[in-house]
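*Asks:* Would you mind keeping the following structure in view while I ask a few things?
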Amino acid sequence: MHLAKPSWLAHLDDKGQRTSIFSIHVHPDGTRIATGGLDNKIKLWSTIPIIDGSKARDPNFPTLLCTLGLHNGSVLCVRWSNRDGRYLASGSDDQLLLIWEWDKSTEAWAGQSIFGSGEQNIENWKPVRRLTGHQSDVVDLAWSRDNTYLASCGLDNLVFIWDGRKFEKLHKLDAHQGFVKGVTWDPVGEYLATESDDKTVKVWRTSDWKVQAEISEPYTSSPTTTFYRRLSWSPDGSHVATANGAQGPVPIAAIFNRNDWRPDVSLVGHDSAIEVVSFNPVIFMIPESDDADPDSASVGSVCAVGSQDHSISVWVTRNARPLFVCQKPFDHSVLDLAWSPDGTHLYACSYDGTVVVLQFLNNEFGTRLSMEEHDKILAKYGFVPKDPIILENTTQLAMEGTLAITNKTSSSGRIAALMSGNQELPPPPTVIISEDKINYGPPSSAPSQMTSENSNTIKSSSQNITLTKDGKKRIQPQFLRGLTSSPGTPLRPPMPQQSVSLDKASNLDAPSRALPAGGIPAILIGNKRKESFASEIAAQSNKRQSFSKSRADSVIETEGYVLRSGLVPPSVTMSQVRLASHKVKDYLAKDRLDGATLKLECFNNNAKGPSQISCTRGKVVVWIDYVPSSIILLTGHSQFSAVACEDGSLFVYSSAGRRLLPVIMLESAASFLEICREYLLCITQTGLIYIWDLRNLKAIVSSVSTAPILQAATILSDDFHSTVSIISACVRPNGIPLLVTSINEAWCYHLDMKTWVRVYDPRYSTLDPSNSETSEVIGGSILASLESMARQRGGNIGSLAYLRHSGGKDTQGKAHVIGHLENQLVSSEMVNSPTEYKRLLFAYAQQLADEGAEFRLHELCMELLGPVNGYEILVVKFIFY
Numbered sequence: 003m004h005l006a007k008p009s010w011l012a013h014l015d016d017k018g019q020r021t022s023i024f025s026i027h028v029h030p031d032g033t034r035i036a037t038g039g040l041d042n043k044i045k046l047w048s049t050i051p052i053i054d055g056s057k058a059r060d061p062n063f064p065t066l067l068c069t070l071g072l073h074n075g076s077v078l079c080v081r082w083s084n085r086d087g088r089y090l091a092s093g094s095d096d097q098l099l100l101i102w103e104w105d106k107s108t109e110a111w112a113g114q115s116i117f118g119s120g121e122q123n124i125e126n127w128k129p130v131r132r133l134t135g136h137q138s139d140v141v142d143l144a145w146s147r148d149n150t151y152l153a154s155c156g157l158d159n160l161v162f163i164w165d166g167r168k169f170e171k172l173h174k175l176d177a178h179q180g181f182v183k184g185v186t187w188d189p190v191g192e193y194l195a196t197e198s199d200d201k202t203v204k205v206w207r208t209s210d211w212k213v214q215a216e217i218s219e220p221y222t223s224s225p226t227t228t229f230y231r232r233l234s235w236s237p238d239g240s241h242v243a244t245a246n247g248a249q250g251p252v253p254i255a256a257i258f259n260r261n262d263w264r265p266d267v268s269l270v271g272h273d274s275a276i277e278v279v280s281f282n283p284v285i286f287m288i289p290e291s292d293d294a295d296p297d298s299a300s301v302g303s304v305c306a307v308g309s310q311d312h313s314i315s316v317w318v319t320r321n322a323r324p325l326f327v328c329q330k331p332f333d334h335s336v337l338d339l340a341w342s343p344d345g346t347h348l349y350a351c352s353y354d355g356t357v358v359v360l361q362f363l364n365n366e367f368g369t370r371l372s373m374e375e376h377d378k379i380l381a382k383y384g385f386v387p388k389d390p391i392i393l394e395n396t397t398q399l400a401m402e403g404t405l406a407i408t409n410k411t412s413s414s415g416r417i418a419a420l421m422s423g424n425q426e427l428p429p430p431p432t433v434i435i436s437e438d439k440i441n442y443g444p445p446s447s448a449p450s451q452m453t454s455e456n457s458n459t460i461k462s463s464s465q466n467i468t469l470t471k472d473g474k475k476r477i478q479p480q481f482l483r484g485l486t487s488s489p490g491t492p493l494r495p496p497m498p499q500q501s502v503s504l505d506k507a508s509n510l511d512a513p514s515r516a517l518p519a520g521g522i523p524a525i526l527i528g529n530k531r532k533e534s535f536a537s538e539i540a541a542q543s544n545k546r547q548s549f550s551k552s553r554a555d556s557v558i559e560t561e562g563y564v565l566r567s568g569l570v571p572p573s574v575t576m577s578q579v580r581l582a583s584h585k586v587k588d589y590l591a592k593d594r595l596d597g598a599t600l601k602l603e604c605f606n607n608n609a610k611g612p613s614q615i616s617c618t619r620g621k622v623v624v625w626i627d628y629v630p631s632s633i634i635l636l637t638g639h640s641q642f643s644a645v646a647c648e649d650g651s652l653f654v655y656s657s658a659g660r661r662l663l664p665v666i667m668l669e670s671a672a673s674f675l676e677i678c679r680e681y682l683l684c685i686t687q688t689g690l691i692y693i694w695d696l697r698n699l700k701a702i703v704s705s706v707s708t709a710p711i712l713q714a715a716t717i718l719s720d721d722f723h724s725t726v727s728i729i730s731a732c733v734r735p736n737g738i739p740l741l742v743t744s745i746n747e748a749w750c751y752h753l754d755m756k757t758w759v760r761v762y763d764p765r766y767s768t769l770d771p772s773n774s775e776t777s778e779v780i781g782g783s784i785l786a787s788l789e790s791m792a793r794q795r796g797g798n799i800g801s802l803a804y805l806r807h808s809g810g811k812d813t814q815g816k817a818h819v820i821g822h823l824e825n826q827l828v829s830s831e832m833v834n835s836p837t838e839y840k841r842l843l844f845a846y847a848q849q850l851a852d853e854g855a856e857f858r859l860h861e862l863c864m865e866l867l868g869p870v871n872g873y874e875i876l877v878v879k880f881i882f883y
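Each step along the sequence shown adds one to the number in our numbering, with nothing skipped, and position 800 is 802.
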């Protein structure tokens, strides 16, 4: 690693003194950088003299390319657009965003001095848009990976989303309660993350711009004295690194994963608050050690951290300690970091007005992955690369010119034929496009046949020609066809067909917005399955790679690359409920099915062929089987296993790999597949739920629709236009299904009553007198776990909190509190949670005693005593596992 600190790179005030540099960014081609400073200017610098010191000493080699000075305040952020770097966006404390574009066609400014200084412009960058909307300083900007969006945040507590091409204001996000000081995009394009002085990080869905998750745990004790909270999303899309976290008095950079949005890793070592973190844009194959076998390398990322302690640290995923620490290269805080596109150079700027460049060797981090391999990793989260743009070349331009001349000649011929009335219209040439060459075919030898009762060609027609008084001709053309012509008769030959022979698969991943066939109104259209926030209840975890930590007693699910979208049968098209359809991936696996080494794997064949499923214990293969269709879901434990295929088939196995049943054929493919003890749960894409007892081979729940709970959730949702979905499903040890919706409601199916019952309502979460919002969730506390994870997701949590404060003063408040406790009491029995039943029973009895509810207390005691003197009284039946 080499360090460079160019002295000539500076923003100077009127007295020639250095001023602070607040932001730095590298152009996508790596040839120039942009800096924004306290002098209200943006400066563009060449990177060649920074990397090669001899060029900097050459007086004829330009170092400063351009100075842009239209802002009326300090320039707090500069960001190039991705890929081509066509645009440069800048934000300032004058509350404005400016979009700059390089005008390569005009060199009027080139070589001329900037007014008021001796600086010269080598390049001509002009402002093309002025964006207004912020009411205070604009402190951070970020372009989405495909430049579709531009996000800005500021000290007005707002985040704005702008169109990345037309630069129109699209959305305003106002959920933060403090200065918003950092913004970053998910490389997949599914989320946007922001960090604020309200000591939270919010993750926004780009589908509806609602909050997907809110993280506050590592920031509660963080200081609010930092200039920025610049966060960064990892290039593989799996993690987000955040700035200005704290564990007590220790500053940290907290990293949370996109599976459950939990900060499971902390980068510790800096002495002062962290201003900025930045992931290297390149994904590396990182070996376990310097002398390790290259084949043992694993995929990883590199992250840089800048702090108020004037230092920079660089971390890689394989190490618990930083790979490199640059101790105090500055005299003040590090304010911004930027990596070069190839990942070999790290640029940093400081409040002291200087810039430091760290140059790494090509193999210092590991082997760089190609863009194709990069896209395959992102495909795990649903990323679909866009089709490449065909660049212009001489052959293409010549063909376009020929086509223009041909079209012009054809158009002239049509006009002449219409005016003279004695010519037939020749058909235009046929354009034939193939994958390897493009040519123009000759005109058809015979004119296209037309469906006419009278003739097959357009006959000539007479015209009225008259002479005016001044001797000019006046030609009045006649209609070629009257209103009585056959409806199927065209007025001219049909346009030639374009033959396109490309062996590329169509992109069918975009969700359909059409109504079902037959016009049946659908409850859920284009419903996308979100990551389960109640996955702990189902005893599953989806943590993989990078900075993740796995639990020894959790089932770990691993997924491979997406091969294609799953098939959608007609039954799903006609259904009133549509749940998530899973994509076919080349590899699926679940580890630790027995809490140790048991692993279930499947390998799908992209071509037509069987899919393999295998069960291994350590390195020993327990059993192998092959199924004729592609596998989309799998589940199991030490006694039973099951796999669901895209054609709707379901296979059930014993611990030794025997097929316990013939192939189960469902009306559609599975959307959820879970198992607990001997109970197997399956929810299909049409919203039907099944539960089977695999030990006794009988159905517990069969073809029960989930439409009632989705319809009820839609009615209760705050956003009428939002799509309510099932985000988590599991089966309890007593065989009862537990479903969680996207508005944080939990539902169970009452096996005896044959109906859905709501066991958790987030609106009443604060009405439980025995519930503490800060209490630790103990094992087996299902309802408490639901509430804890619902609070992490946010939403309509505790909207009836006012009733708790008035519970002892008015009748309505008392009734709500008692009613909520009664509901929770029977719900804990339904979900088989003895710990919570005992706690709620004590709280309920105490509440009845405080309210003096004599009749309810008497009835409660009689139920607990059981049948007395031959009278049949409702007895609470509880099964303790």
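Ideal Cβ positions, reconstructed from N, Cα and C, are used throughout, including at glycine.
Residues in the same chain with beta-carbon distance under 7 Å from Tyr353, minus the five sequence neighbours each way, listed in chain order, please.
*Replies:* For this step, residue 353 is matched to residue 351 along the sequence shown. Ser22, His334, Ser335, Leu337, listed in sequence order.
*Asks:* To the nearest whole angstrom, what separates the beta carbons of Ala340 and Ser303, a pair I think is in contact under 8 Å?
*Replies:* Here residue 340 refers to the residue found at position 338 of the sequence shown. Here residue 303 refers to the residue found at position 301 of the sequence shown. Not confirmed; about 16 Å, so no contact.
*Asks:* Looking only at its own chain, which residues have a Cβ that is under 7 Å from the Cβ of Val318, when we skip the five neighbours before and after it?
*Replies:* Within the sequence shown, residue 318 is the residue found at index 316, counting from 1. Hits under 7 Å: Ile288, Gly302, Val304, Leu325, Phe367.
*Asks:* Excluding the five sequence neighbours on either side, which residues of its own chain have a C-beta within less than 6 Å of the C-beta of Asn149, listed in chain order?
*Replies:* Here the question's residue 149 lines up with position 147 in the sequence shown. The residues are Ser83, Asn84, Gly166.
*Asks:* How big is the Cα-Cα spacing for Arg734 and Cys750?
*Replies:* If you number the sequence shown from 1, residue 734 lands on position 732. If you number the sequence shown from 1, residue 750 lands on position 748. Taking the straight line joining both Cα atoms gives about 10 Å.
*Asks:* Which of the three DSSP states is assigned to Pro253 in this structure?
*Replies:* Against the sequence shown, residue 253 aligns to sequence position 251. The answer is strand: DSSP assigns Pro253 an E or B state.
*Asks:* With a CB to CB cut of under 6 Å and the five nearest residues on each side skipped, what residues in its chain are close to Asn395?
*Replies:* As a first step, residue 395 is located in the sequence shown; it is residue number 393 there, counting from the start. Because Asn395 carries a pLDDT of 49, less than 50, the predicted location of this residue cannot be relied on, and the following value inherits that uncertainty. Excluding residues within five positions, none has a Cβ falling inside 6 Å.
*Asks:* Which class does Pro8 belong to by DSSP, given the choice of helix, strand or coil?
*Replies:* Position 6 of the sequence shown, counted from the first residue, corresponds to residue 8. The answer is coil: DSSP assigns Pro8 none of H, G, I, E or B.
*Asks:* Within 8 Å (strictly less), CB to CB, does Asp763 reach chain B?
*Replies:* Looking for chain B here will not work: only one protein chain is present.
*Asks:* Can you give me the start and stop residues for the beta strand (DSSP E) that Asp266 sits inside?
*Replies:* As a first step, residue 266 is located in the sequence shown; it is residue number 264 there, counting from the start. Start and end: 265-270.
*Asks:* Mind the definition here: the stretch 735-746 touches the stretch 835-852 only if three or more C-beta pairs lie below 8 Å; say whether that holds.
*Replies:* no
*Asks:* Given a threshold of 16 other Cβ atoms within 10 Å of its Cβ, counted over all protein chains shown, does Asn62 qualify as buried or as exposed?
*Replies:* Position 60 of the sequence shown, counting from 1, holds the residue named residue 62. Answer is exposed; the Cβ neighbour count stays below 16.
*Asks:* Where does His892 sit, in a helix, a strand or coil, going by DSSP?
*Replies:* In the structure as shown, the chain begins at 3 and stops at 883. Residue 892 is therefore absent and cannot be evaluated.
*Asks:* Leaving out five residues before and five after Asn607 in sequence, what residues of the same chain have Cβ atoms less than 7 Å from its Cβ?
*Replies:* Numbered from 1 along the sequence shown, position 605 holds the residue referred to as residue 607. Excluding positions up to five away in sequence, the list reads Ser613.
*Asks:* Going by C-alpha to C-alpha distance, which of Lys201, Ser107, Tyr628 sits closest to Ser223?
*Replies:* Here residue 223 refers to the residue found at position 221 of the sequence shown. Restricting attention to Lys201, Ser107, Tyr628, the CA atom closest to the CA of Ser223 is found in Lys201.
*Asks:* How long is the line joining the alpha carbons of Gly737 and Val726, rounded to whole angstroms?
*Replies:* Taking the sequence shown and counting its residues from 1, the one referred to as residue 737 is at position 735. Taking the sequence shown and counting its residues from 1, the one referred to as residue 726 is at position 724. Spanning the two alpha carbons is a distance of roughly 25 Å.
*Asks:* Ordered along the chain, which non-local residues of its own chain (more than five positions away) have a Cβ less than 6 Å from that of Ser656?
*Replies:* By 1-based counting over the sequence shown, the position of residue 656 is 654. Correct list, in chain order: Leu662.
*Asks:* So the candidates are Trp164, Phe181, Gly180, Gln179; which of them puts its Cα closest to the Cα of His173?
*Replies:* By 1-based counting over the sequence shown, the position of residue 173 is 171. When each option's Cα is compared against that of His173, the closest is Trp164.
*Asks:* Grouping DSSP H, G and I as helix and E and B as strand, with all else coil, what is Asp695?
*Replies:* Here residue 695 is taken as the residue at index 693 of the sequence shown, counted from 1. Three-state DSSP puts Asp695 in a strand.
*Asks:* Helix, strand or coil for Arg20 per DSSP?
*Replies:* Position 18 of the sequence shown holds residue 20. Of the three classes helix, strand and coil, the one that applies to Arg20 here is strand, per DSSP.
*Asks:* So for Met373, helix, strand or coil by DSSP?
*Replies:* Along the sequence shown, one-based indexing puts residue 373 at 371. Of the three classes helix, strand and coil, the one that applies to Met373 here is helix, per DSSP.
*Asks:* Determine the direct distance from the alpha carbon of Tyr230 to that of Ala855, and round the result to whole angstroms.
*Replies:* Within the sequence shown, the letter at position 853 stands for residue 855. Within the sequence shown, the letter at position 228 stands for residue 230. Cα to Cα, the separation comes out at about 56 Å.
*Asks:* Please report how far the alpha carbon of Trp758 lies from the alpha carbon of Ser583, in whole angstroms.
*Replies:* For the purposes of this step, residue 758 is identified with residue 756 of the sequence shown, where counting begins at 1. For the purposes of this step, residue 583 is identified with residue 581 of the sequence shown, where counting begins at 1. So the alpha carbons of these two residues sit roughly 24 Å apart.
*Asks:* Mapping DSSP to helix, strand and coil, what is Asn159?
*Replies:* Locating residue 159 in the sequence shown gives position 157, where the first residue counts as 1. Asn159 falls in the coil class under three-state DSSP.
*Asks:* Below 8 Å between beta carbons: does that hold for Pro888 and Leu380?
*Replies:* It is not possible to answer for residue 888, since the shown part of the chain is limited to 3 through 883.
*Asks:* Distance check for Lys57 and Thr49, CA to CA, integer angstroms please.
*Replies:* Counted from its first residue, the sequence shown places residue 49 at position 47. Counted from its first residue, the sequence shown places residue 57 at position 55. C-alpha separation (whole angstroms): 10 Å.
*Asks:* Could you check where the beta strand (DSSP E) with Gly38 kicks off and where it finishes?
*Replies:* Along the sequence shown, read from residue 1 onward, the residue named residue 38 stands at position 36. Taken as a continuous stretch (DSSP letters only), the beta strand (DSSP E) holding Gly38 covers 34-39.
*Asks:* Let me make sure I understand the geometry here. Which of Asn825, Ser651, Ile784, Val703 has the alpha-carbon closest to that of Arg760?
*Replies:* Here residue 760 refers to the residue found at position 758 of the sequence shown. Out of Asn825, Ser651, Ile784, Val703, Asn825 has the C-alpha closest to the C-alpha of Arg760.
*Asks:* What number of angstroms, rounded off, separates the C-alpha of Ser198 from the C-alpha of Ala701?
*Replies:* Position 196 of the sequence shown, counted from the first residue, corresponds to residue 198. Position 699 of the sequence shown, counted from the first residue, corresponds to residue 701. Rounded to whole angstroms, Ser198 to Ala701 spans 51 Å at the Cα level.
*Asks:* Nearest-angstrom Cα distance between Phe286 and Arg323?
*Replies:* In the sequence shown, the residue the question calls residue 286 occupies position 284. In the sequence shown, the residue the question calls residue 323 occupies position 321. For Phe286 and Arg323, the distance between alpha carbons rounds to 18 Å.
*Asks:* Quick one: give me the first and last residue of the beta strand (DSSP E) that Leu753 is part of.
*Replies:* Here the question's residue 753 lines up with position 751 in the sequence shown. It is not in any beta strand (DSSP E) - Leu753 carries neither H nor E in the DSSP assignment.
*Asks:* Three or more C-beta pairs closer than 8 Å, one from the stretch 176-184 and one from the stretch 95-106: is that the case here?
*Replies:* no
*Asks:* Could you give the distance in angstroms between the alpha-carbon of Glu603 and the alpha-carbon of Tyr589?
*Replies:* Along the sequence shown, one-based indexing puts residue 603 at 601. Along the sequence shown, one-based indexing puts residue 589 at 587. Cα to Cα, the separation comes out at about 7 Å.
*Asks:* Since Asn42 and Val77 are thought to touch, with beta carbons under 8 Å apart, how far apart are those beta carbons, to the nearest angstrom?
*Replies:* Here residue 42 corresponds to residue number 40 of the sequence shown, with the count starting at 1. Here residue 77 corresponds to residue number 75 of the sequence shown, with the count starting at 1. Indeed, because the Cβ distance is near 6 Å, the residues count as touching under 8 Å.
*Asks:* Trp10 to Thr226, Cα distance in whole Å?
*Replies:* Sequence index remark: in the sequence shown, residue 10 carries index 8 (1-based). Sequence index remark: in the sequence shown, residue 226 carries index 224 (1-based). Going by the C-alpha atoms only, they are around 33 Å apart.
*Asks:* Could you give the DSSP three-state label for Leu712: helix, strand or coil?
*Replies:* The residue given as residue 712 occupies position 710 in the sequence shown. Secondary structure at Leu712: helix, using DSSP grouped into helix, strand and coil.
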